Structures are given as C-alpha cells and as structure tokens.
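Asker: Residue numbering for the sequence shown follows my numbering, starting at 859 and increasing by one per position. All C-beta atoms, glycine included, are put in the ideal place defined by N, C-alpha and C. Treat the numbers as computed from the prediction; the structure is a model and nothing was measured. Just passing along the structure, written as structure tokens.
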Amino acid sequence: MSSRAIKPAALIGLCLLAATGCATLPDTDALIERHTGQAARFESASGPVSARKSAAIIAKLKRKSGDLDILDKQIALEQAIVGSPLSLGNKVTLLQDGAATYPAMFAAIRKARDHVNMESYIIEDDEIGRQFADLLLEKQLAGIQVNLIYDSVGGFNTPKAFFDRLTAAGIAVLEFNPVNPFAGKTPWLINNRDHRKVLIVDGQTAFIGGINISSVNSAGSVARRPAKVAGDGVTWRDTHIRIEGPVVGEVQKLFMQTWEKQRGKLLAPKAYFPELKAQGKEIVRAIGSTPDDPYSLIYLTLISAIGNAERQVYLTNAYFVPDPQLLKALVDAAGRGVDVRLLLPSKSDSEMVFHAGRSHYSGLLDGGVKIYERRGRLLHSKTAVIDGVWSTVGSANLDWRSFLDNDEVNAVILGREFGQQMQTVFAADLEASEAIDPEKWKRRPLLLRLKEWIARVWGRLL
C-alpha cells in the first residue's frame, strides 16, 4: 500500500503538489563512472575483512555460482556505489504476503527480551493493526521497551485514540512529519513521507519489505481501500524478508537516524546495538534513502545493477512511473541481449499511477522489454533479481516519489542461493500474469491512450 491508497483532505493534496519543488534525479552515468574500478570490501561480525580474504570470498562465490564475471562485477559495483562494507554472515528468509509475514513478526515480538522498534508507513485500526497493538502493549507492560514510528499521511485514517492507547501504556510513539504544521518539531515537509516498513527486535532480527500493518495484506482479506478495488474482492500480493545477522545493526541505525531527525523524545536506555554474530551465509547490505541525501542510493544502485546485467533483469513493482534514465537502462539492457522483464499490476489503488506507468509501455516494448501484468491480486511487491545473483527487496517503488521525496529502505542480497528463490517467486507470479502483446497494445482504445497521456503529464508528482 502506498501514499496513493490514502485520500486525506484536498488541502493535503494541494500541499503535496506545491512542495514537490525542483528536485531532480542524479546523472547516474557520471556517478557510476566515478566509482568504477574499486575493490569490494566486506565486513563480518568481527569487523572489516582483509583485502586478501575479500578476494578469496569473491573467488569462492564465483566458483559456486558458475559465473566468471557476473557476481564479481555486481559485488564490486555494489560496494563502490554505496560506500559501506558488505555484511557477511546473515540469514535472510523470504516471506510472501501477510499470511507468512505477520505470524513471523508476531513470533519475533513475542521473543523480545529488551526492545522492539517498529516503523511503518501505514498502521491501520483494523484486525491486524489491533493484533499488533495488543502484542506491543503486552511487551511494554512486561518491561520490554517499544518504540514506534508511523507516517502522518499514511496514518491519516487511523484514529488518534489508537495511538493514544499505546502512548498511555509507555510506548514511545513518533508521528513522522505531521500533517498539522503546528504539531511537529521539525520544519513542515508535507511531501517528505516515511514509506519504510521496518521491525527490529532486540537489535538482532529485522524485517523489511513492502508490507504495511493492515488487514488488506491478510490471506483471504478483501482490499477495503479504495472502494472500487474492494468491490472486486481483490487480495494483495506483497513481499517481505526477515534478516538475522550483522546487517541488522545497519537497519537499526536507519531507525535511530529517523527518530533523531524527527526529534523524538529521548529513547529509554536499552541494548539497541548488541554484539551480533554470524547467523547464515548471505551477503547483505541495507540501503536507506531520504530526501536529505545528495541522491537516492537505492535508485543509483538499481540503475548500476541493471547496467551491469548480462543475462536477466526481472523487476516486480507496484507503482511504475519511471524517469528517463531508468527507461534508458532497461532498453539498453534489452538491446545488448539481456532478458528484461517487468512484472506490474493489472489494476491499482491509484488509477492515475496505473495509467502513467502504462504510458511508457510502447517505448519499452519497442525496445525489447517484456511486460507482464499480474492478474487476480493487487500487486504491491517491490523486488528485483538480476543475473540470478543480485536481489533486492524493500519499500521503494519505481517512481519519482520513492527516489526523491520518501524515506525508503531496501536490502540488497548478493548470491545465487537467494537469487534462485527470488527467480522461483518471479516465475510463479509470471504464471499468474498476462503478457502485454506489442501488436495488441498498439490497437488499444483511444480512451486508454487519453488516460495515459493525462497521467504522464503529472508523472513527476505521482
């Protein structure tokens, strides 16, 4: 669910438009060229890994993957673009939909012994929201400190009483960039939204992905917002991951930075950064982005990975409003023989966004990109798998808002084993999708073309 799923007062919409400003995306070619040629660095639970051991890690990964260059290139460029060491020794569990994600979150919260940090764009006062609230209250009353961040626009439809109940019990609740300009402690930045979906338990286990706290993500639930989607009885399709290991510390840092930036009250002293031991074999980097950054590292990393692709680029995304550089990267990849596939929704909770994305289909199809639309469910996942070795799961959509205006967080996982899981999921979603036929697309009705043209004009604001 994104900011488009919320329909606050018309004034908010006008403010969002007015606040967009003149921000632009970076020149990715120049930035990538600046960073090429750097050697990859790794970090284990014990600290930085030597250059010699780093080279041995890459060699071993290449032998396991069977690729001579692909993994090496992706690791080196991934390292160079973001700048911080890649984290070794992590365990990553792929979670599909609320049916798998919520029980895993509940289980982790129940095991909490020190603290629970939670950050979500949307927390609804519905069956799922109340289950989370009850469990968080239970932990708080048991002496486990709970700290909660929710977005003001995302939580616009959630009654104040829902959060007041949590605060009264001692849970530290922070409203991100309040809609009310007099309620915040920071400059009024109505267009900067916290779109992250993060749960951190005891500083040792983290969950990130696309799933908000809402019953629309539950198995068998009906999407209740907006009504025209609910009327079709559509369930939501989404993806999340659970991470255990050293990289959880990086996710925790992002939570703390948001709390500090929003000038939340002083947090209760807890063991927020415990010593973390290796839990698995995954190489992971947690990448956060905010409008305060010179440019979105999530965006730049994705563009560089696509530009480095040699075999496949498989993207699944809920809100597709691409900028020219992303379009060029996709078409260029297809032009050099890469199998580029986009898996997008067949319907959306934002008709404007849906048609804005479709307005780019013709150019992509002409460039050799294959496009599929997911049927039967409302697609909300934000994932990618490239060459079977570079994968990402997170909150960022493929649109201007995610890359310029929102706080987002994605995890990049390097390695073939997790990449194979991602490819399996992608293939299953593809089976439930319909391919866009280029010839049929050229013959689409004039009314659809008009909707696409109108939506494309407003693309930067969506």
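Please check the pair ASP1207 and ASP1052, which I expect to be a contact at CB under 8 Å, by giving their CB distance rounded to whole angstroms.
Answerer: Taking the first residue of the sequence shown as position 1, residue 1207 is located at position 349. Taking the first residue of the sequence shown as position 1, residue 1052 is located at position 194. About 19 Å; that fails the 8 Å criterion.
Asker: Less than 8 Å between the CB atoms is what I'm expecting for ALA1176 and ALA1313, so what's the real figure, rounded?
Answerer: Locating residue 1176 in the sequence shown gives position 318, where the first residue counts as 1. Locating residue 1313 in the sequence shown gives position 455, where the first residue counts as 1. With a Cβ gap of about 16 Å, ALA1176 and ALA1313 do not count as contacting.
Asker: So the candidates are GLY1246, LEU1200 and LEU993; which of them puts its Cα closest to the Cα of MET1280?
Answerer: As a first step, residue 1280 is located in the sequence shown; it is residue number 422 there, counting from the start. It is GLY1246 whose Cα lies nearest to the Cα of MET1280.
Asker: Would the beta-carbon of THR959 fall within 7 Å of that of LEU953?
Answerer: The residue labelled residue 959 in the question sits at position 101 within the sequence shown. The residue labelled residue 953 in the question sits at position 95 within the sequence shown. The answer is yes: Cβ separation under 7 Å.
Asker: How would you label PRO1203, buried or exposed, when you count the other beta carbons within 10 angstroms and need 16 or more for buried?
Answerer: In the sequence shown, residue 1203 corresponds to position 345, counting from 1. Buried, because 16 or more other Cβ atoms sit within 10 Å of the Cβ of PRO1203.
Asker: Does the Cβ of TRP1094 have 16 or more other Cβ atoms within 10 Å, making it buried, or fewer, making it exposed?
Answerer: In the sequence shown, counting from the first residue as 1, residue 1094 sits at position 236. Counting Cβ neighbours within 10 Å, TRP1094 comes out buried, since at least 16 surround it.
Asker: Pick out whichever of LYS997, SER1260 and ASN1035 has its Cα sitting closest to the Cα of ASP1334.
Answerer: Look at the range of the chain in this structure, 859 to 1320, and you will see that residue 1334 is not part of it.
Asker: Leaving out five residues before and five after SER1010 in sequence, what residues of the same chain have Cβ atoms less than 7 Å from its Cβ?
Answerer: Mapped onto the sequence shown, residue 1010 falls at position 152. GLU1033, PHE1034, ASN1035, PRO1036 and VAL1037.
Asker: For VAL1056, count neighbouring Cβ atoms within 10 angstroms of its own Cβ and tell me buried if that reaches 16, exposed if not.
Answerer: One-based indexing of the sequence shown puts residue 1056 at position 198. Counting Cβ neighbours within 10 Å, VAL1056 comes out buried, since at least 16 surround it.
Asker: With ILE1066 and GLY1252 assumed to form a contact (beta carbons below 8 Å), what rounded beta-carbon distance in angstroms separates them?
Answerer: Here residue 1066 refers to the residue found at position 208 of the sequence shown. Here residue 1252 refers to the residue found at position 394 of the sequence shown. The pair is a contact, with the Cβ atoms about 6 Å apart (cut-off 8 Å).
Asker: With the cut-off set at 7 Å, would you say ASP1257 and VAL1315 are in Cβ contact?
Answerer: In the sequence shown, the residue the question calls residue 1257 occupies position 399. In the sequence shown, the residue the question calls residue 1315 occupies position 457. No. Outside cutoff.
Asker: Identify the continuous alpha helix (DSSP H) that holds ASN1166 and give its terminal residues.
Answerer: Sequence index remark: in the sequence shown, residue 1166 carries index 308 (1-based). Start and end: 1155-1166.
Asker: Counting beta carbon pairs with one atom in the region 960-973 and one in the region 1001-1018, are three or more of them shorter than 8 Å?
Answerer: yes
Asker: Identify whether HIS1218 lies in helix, strand or coil by the three-state DSSP scheme.
Answerer: Reading the sequence shown from its first residue, position 360 is the one you call residue 1218. HIS1218 falls in the coil class under three-state DSSP.
Asker: Applying the criterion that 16 or more other CB atoms from any shown protein chain within 10 Å of the CB defines a buried residue, is GLU1297 buried or exposed?
Answerer: In the sequence shown, the residue the question calls residue 1297 occupies position 439. So GLU1297 ends up on the exposed side.
Asker: Where are the alpha helix (DSSP H) runs, 4 residues long or more, that stay fully inside the region 1268-1309, in chain order?
Answerer: 1274-1289 and 1296-1300
Asker: Closer than 8 Å by C-beta to GLU1289: which residues in its own chain qualify, once you throw out the five before and the five after it? Chain order, please.
Answerer: As a first step, residue 1289 must be located in the sequence shown, where it is residue number 431. Counting only Cβ-Cβ distances below 8 Å, and skipping sequence neighbours, we find nothing.
Asker: Hey, how far is the Cα of ARG1295 from the Cα of TYR1219?
Answerer: On the sequence shown, position 437 is the one that residue 1295 refers to. On the sequence shown, position 361 is the one that residue 1219 refers to. Sequence inspection shows Asp at residue 1295; the Arg mentioned does not correspond to that position. The alpha-carbon of ASP1295 is positioned some 10 Å away from that of TYR1219.
Asker: Between the beta-carbon of ALA1191 and the beta-carbon of ILE1161, is there less than 7 Å?
Answerer: Translated into positions along the sequence shown, residue 1191 becomes position 333. Translated into positions along the sequence shown, residue 1161 becomes position 303. Cβ distance not < 7 Å, so ALA1191 and ILE1161 don't count as in contact.
Asker: Give, in chain order, every unbroken run of the beta strand (DSSP E) that is at least 3 residues long and sits entirely within the region 1012-1100.
Answerer: 1030-1034, 1055-1059, 1063-1067 and 1093-1095
Asker: Is the region 1130-1141 in contact with the region 1107-1115, if contact means three or more CB pairs nearer than 8 Å?
Answerer: yes
Asker: How many Å lie between GLY1225 and VAL1189 at the Cα?
Answerer: Sequence index remark: in the sequence shown, residue 1225 carries index 367 (1-based). Sequence index remark: in the sequence shown, residue 1189 carries index 331 (1-based). Straight-line Cα distance between these residues: approximately 5 Å.
Asker: Counting C-beta neighbours from all protein chains within 10 Å, is the total for ASP1096 16 or more, i.e. buried, or is it exposed?
Answerer: Here the question's residue 1096 lines up with position 238 in the sequence shown. The residue in question, ASP1096, is buried, as its Cβ has 16 or more Cβ neighbours within 10 Å.
Asker: Would ALA903 and GLY956 be called neighbours here (beta carbons separated by less than 7 Å)?
Answerer: For the purposes of this step, residue 903 is taken as the residue at position 45 of the sequence shown. For the purposes of this step, residue 956 is taken as the residue at position 98 of the sequence shown. No, the pair does not count as a contact, with Cβ atoms beyond the cut-off.
Asker: Over what stretch of residues does the alpha helix (DSSP H) that includes TRP1248 continue unbroken?
Answerer: Translated into the one-based positions of the sequence shown, residue 1248 becomes position 390. Taken as a continuous stretch (DSSP letters only), TRP1248 belongs to no alpha helix (DSSP H), being part of the beta strand (DSSP E) at 1248-1252.
Asker: Whole-angstrom Cβ separation of GLY1073 and GLU1140, contact assumed at under 8 Å?
Answerer: The count along the sequence shown starts at 1 and reaches residue 1073 at position 215. The count along the sequence shown starts at 1 and reaches residue 1140 at position 282. It should be noted that the sequence gives Ser, not Gly, for residue 1073. Between GLU1140 and SER1073 the Cβ distance is about 31 Å, and since that is not below 8 Å, they are no contact.
Asker: What residues are listed by DSSP as bridge partners for PHE900?
Answerer: Within the sequence shown, numbered from 1, the residue matching residue 900 stands at position 42. DSSP lists LEU944 as partners of PHE900.
Asker: How many Å lie between THR882 and VAL1106 at the Cα?
Answerer: The residue you call residue 882 lines up with position 24 of the sequence shown. The residue you call residue 1106 lines up with position 248 of the sequence shown. Cα-Cα distance, rounded: 31 Å.
Asker: Whose CA, out of ILE1099, THR1044, ASN1075 and LEU1305, lies closest to the CA of ILE1058?
Answerer: Locating residue 1058 in the sequence shown gives position 200, where the first residue counts as 1. Nearest C-alpha to ILE1058: ILE1099.
Asker: Please go through the same chain and pick out, in chain order, the residues whose beta-carbon is closer than 7 Å to the beta-carbon of SER978, but skip the five residues on each side of it.
Answerer: Residue numbering aside, residue 978 sits at position 120 when the sequence shown is read from its first letter. Closer than 7 Å at the Cβ level, and outside the excluded window around SER978, lie TYR1008, LYS1055, ASN1070 and ILE1071.
Asker: Residues in its own chain within less than 6 Å of ARG1012 by CB, not counting five upstream and five downstream?
Answerer: Here the question's residue 1012 lines up with position 154 in the sequence shown. The displayed chain sequence assigns Gly, not Arg, to residue 1012. So the qualifying residues of the chain are TYR979 and ILE980.
Asker: Looking only at DSSP bridge pairs, what is GLY1146 linked to?
Answerer: Numbered from its first residue, the sequence shown carries residue 1146 at position 288. Its beta-bridge partners are VAL1267.
Asker: Within its chain, find whatever has a CB closer than 7 Å to the CB of THR1016; leave out the 5 residues flanking it on each side and keep chain order.
Answerer: By one-based count along the sequence shown, residue 1016 stands at place 158. ILE981, GLU982 and ASP983, listed in sequence order.
Asker: Suppose you measure from the CA of GLU985 to the CA of PHE1020; what does that come to, to the nearest Å?
Answerer: Reading the sequence shown from its first residue, position 127 is the one you call residue 985. Reading the sequence shown from its first residue, position 162 is the one you call residue 1020. Near 12 Å, if we compare the C-alpha coordinates of PHE1020 and GLU985.
Asker: Ignore the nearest five residues each way along the sequence and tell me which others in LEU1305's own chain have a CB closer than 6 Å to its CB.
Answerer: Position 447 of the sequence shown, counted from the first residue, corresponds to residue 1305. If we look at LEU1305 and ignore the five residues flanking it on each side, it has no Cβ neighbours.
Asker: Quick one: is ALA1077 buried, meaning 16 or more other Cβ sit within 10 Å of its Cβ, or exposed?
Answerer: By 1-based counting over the sequence shown, the position of residue 1077 is 219. Caution applies to ALA1077, whose pLDDT of 49 falls short of 50 and renders its modelled position unreliable; the model cannot decide the point.
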